[in-house]
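Worksheet for the structure shown next.
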Amino acid sequence: MGSVDELIKAQVLTARVACEQITSPVLQRLAESVDQACCLPSKPGWERKAAAHAEIFRLLADVAGHPTAVGPLAAIDELMRTVGPAANGIITSSHRRLLARMGAGDAEGAAREMENHLRVLHYMGRLARRPATAPASIAA
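Under the numbering used here, the first residue of the sequence shown carries the number 64, and numbering increases by one thereafter.
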């Protein structure tokens, strides 16, 4: 997938379709995946936790019947790693809101949550990649 907007658009569609097709056992499986990711330590071992957080995207793609193309899912995994442990609470909260929307059958709400979540993570990823600048010295 070429751009961030294309990636987000694809994941929003996946969330919407998955919500429309989800069953109670699958919703429970998604909740267990989120719970497992939450139980992993953030420090040390963020890479493992980031991969566990990214697993929900693969599961949603499976539910939606969308091919799990390596490119988009690898990009999401990389984004999770880039934002780092500081985003753990944001990721967890978003996944829980997404599951609540899906449990309520709110496909549009699930799609909005997915879009907001990925846009926030993308912004955080851009900030994390920015080189740190030294504070300007103040002349006395």
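Cβ coordinates follow ideal geometry from the N, Cα and C atoms, glycine included.
Rounded straight-line distance, which links the Cα of Leu123 to that of Thr77: Near 7 Å, if we compare the C-alpha coordinates of Leu123 and Thr77.
Beta-carbon proximity of Gly152 to Trp109, cut-off 8 Å: Gly152 places its beta carbon 8 Å or farther from that of Trp109.
Thr145, DSSP secondary structure in three states: If DSSP states are grouped into helix, strand and coil, Thr145 belongs with the helices.
Counted within 10 angstroms of its Cβ, other Cβ atoms place Ala132 as buried (16 or more) or exposed: Residue placement at Ala132 cannot be trusted, given a pLDDT of 49 that sits under 50; what the coordinates show is reported in the next sentence. Its Cβ having fewer than 16 others within 10 Å, Ala132 is exposed.
Straight-line gap, Asp68 to Glu83 (C-alpha atoms, nearest Å): The alpha-carbon atoms of Asp68 and Glu83 are separated by roughly 23 Å.
Proximity of Leu70 and Ala138 at Cβ, strictly below 8 Å: Yes. Within cutoff.
Cut-off 8 Å between Cβ atoms - residues of its own chain near Lys112, not counting five sequence neighbours on either side: Closer than 8 Å at the Cβ level, and outside the excluded window around Lys112, lie Ala100, Leu103, Pro104, Ser105, Pro148, Asn151.
Burial state of Asp140, where buried means 16 or more other Cβ atoms lie within 10 Å: Buried, since its Cβ has 16 or more Cβ neighbours within 10 Å.
Local conformation of Ser96 per DSSP, three classes: Ser96: helix per DSSP, three-state reduction.
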